[in-house]
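Peer 1: Please see the structure below; I have some questions.
Numbering (my numbering), first residue to last: 629 to 919.
Here you go:
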């Protein structure tokens, strides 16, 4: 059991309570969250909007299941899993309250609440997003867990990119239709690829900096420690994978022919460069003052 706990700790980056109801609920939430991250891959040709409505239904159902598990988890140990009242949490709570008020006092409250079937927006979508956020900040407290969520999110871009690549180059009219992957709209896919590019760059920089740390010395012939060593090596080499995925998604972004996303990418890079030089300048000034 200890070896199993060590293995799962390395995969998900979480601590483990004893084998009881609390632990069962936690694992249910963990697997539910990672299933939710697969939402961009969901497509069902039998539906009215194959690339959109199945994703909406899939996301809402899983969020409701995960949130129900989270409610039970609060009944078991509310002190440990209640979300902290951070500025981000409070700002999002105020935002949801404003949305509820505007929906209630709007010209068409029903349309504002449910949205439309082809978009799946409306207040109900924002409520599900907020519930998902509450579960994440309430259960995922360790940095390693959040890093694994980001890693898994970036990895989901691989099947999306392969699908978009095939759409662009291996159709009856290659290069005529922009790539949209499984999202049904090139603009949607361009925005997704844009987010993945910056996440992949963040992971590449993070893992590249991790290389300078000393290697962990683990005793041989112990499975949990062996997994720990493998995870350590993967983090040291992972920056190459994330860098490659950033370049791959950049290429796929170009295949969407979405000018808005390209402008957003350029502005984002300029902002990051300016922030980078500002922080580097402060760091150098502090080092000079110490000397």
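Each residue gets a CB set at the ideal place from its N, CA and C atoms; glycine is no exception. Since we're looking at a predicted model, the values are computed, not measured.
With distances taken between CB atoms, is the gap from residue 621 to residue 825 smaller than 7 Å?
Peer 2: Not covered by the structure: residue 621. The range shown for the chain is 629 to 919.
Peer 1: For residue 901, which residues of its own chain have a beta-carbon under 7 Å away from its beta-carbon, when the five flanking residues on both sides are left out?
Peer 2: Within the same chain, residue 901 has no close Cβ partners at all.
Peer 1: How is residue 680 classed by DSSP in three states: helix, strand or coil?
Peer 2: Of the three classes helix, strand and coil, the one that applies to residue 680 here is coil, per DSSP.
Peer 1: Is it the case that the stretch 657 to 670 contacts the stretch 809 to 825, given that we only count it when at least three CB pairs across the two stretches are under 8 Å?
Peer 2: Flag = yes, the stretch 809 to 825 and the stretch 657 to 670 touch.
Peer 1: Note the first and the last residue of the continuous alpha helix (DSSP H) segment covering residue 765.
Peer 2: From DSSP, the alpha helix (DSSP H) with residue 765 extends over 751 to 767.
Peer 1: In this structure, does DSSP put residue 674 in helix, strand or coil?
Peer 2: If DSSP states are grouped into helix, strand and coil, residue 674 belongs with coil.
Peer 1: Which complete alpha helix (DSSP H) runs does the stretch 779 to 845 hold, if anything under 4 residues is left out?
Peer 2: Correct list: 785 to 797, 814 to 838.
Peer 1: Mapping the DSSP letters down to three states, classify residue 731 as helix, strand or coil.
Peer 2: It is helical.
Peer 1: My output table needs one value for residue 631: the three-state DSSP class, helix, strand or coil.
Peer 2: Because the pLDDT of residue 631 is 48, which lies under 50, any placement of that residue in the model is unreliable, and the number read from its coordinates should be weighed accordingly. Here residue 631 sits in helix by DSSP.
Peer 1: Which residues in the same chain have their Cβ closer than 7 Å to the Cβ of residue 754, if we skip the five residues on either side of it in sequence?
Peer 2: Only 724, 727 meet the Cβ criterion.
Peer 1: Enumerate in chain order the residues of its own chain whose CB-to-CB distance from residue 679 is below 8 Å, with the five nearest sequence positions on each side excluded.
Peer 2: Cβ within range, chain order: 671, 808, 810, 811, 812, 813.
Peer 1: With a threshold of 6 Å on Cβ separation, who are the neighbours of residue 707 within its own chain once the five nearest residues in sequence on each side are excluded?
Peer 2: So no residue of the chain qualifies.
Peer 1: Please list the terminal residues of the continuous alpha helix (DSSP H) segment that includes residue 660.
Peer 2: Residues 649 to 664.
Peer 1: Determine the direct distance from the alpha carbon of residue 722 to that of residue 734, and round the result to whole angstroms.
Peer 2: One C-alpha to the other measures close to 18 Å.
Peer 1: From the DSSP output, in three-state form, read off residue 887 for me.
Peer 2: Correct three-state label for residue 887: helix.
Peer 1: Let me check understanding here. Comparing Cα to Cα, which of 762, 694, 745 lies closest to residue 714?
Peer 2: The residue with the shortest Cα to Cα distance from residue 714 is 762.
Peer 1: By Cβ distance below 6 Å, which residues in the same chain neighbour residue 701 in space, the five residues on each side in sequence not counted?
Peer 2: Cβ neighbours of residue 701 beyond the five flanking positions: 653, 709.
Peer 1: Within 8 Å, do at least three Cβ pairs link the stretch 815 to 825 to the stretch 764 to 777?
Peer 2: Contact fails: fewer than three Cβ-Cβ distances are below 8 Å.
Peer 1: Could you pull the start and end residues of the alpha helix (DSSP H) that residue 747 belongs to?
Peer 2: Segment: none, residue 747 is in no alpha helix (DSSP H) and carries neither H nor E.
Peer 1: Beta-carbon separation of residue 751 and residue 741 under 7 Å?
Peer 2: Yes.
Peer 1: Grab me the residues of residue 822's own chain with a C-beta within less than 7 Å of its C-beta, minus the 5 sequence neighbours each way, in chain order.
Peer 2: Closer than 7 Å at the Cβ level, and outside the excluded window around residue 822, lie 881, 889, 892, 893.
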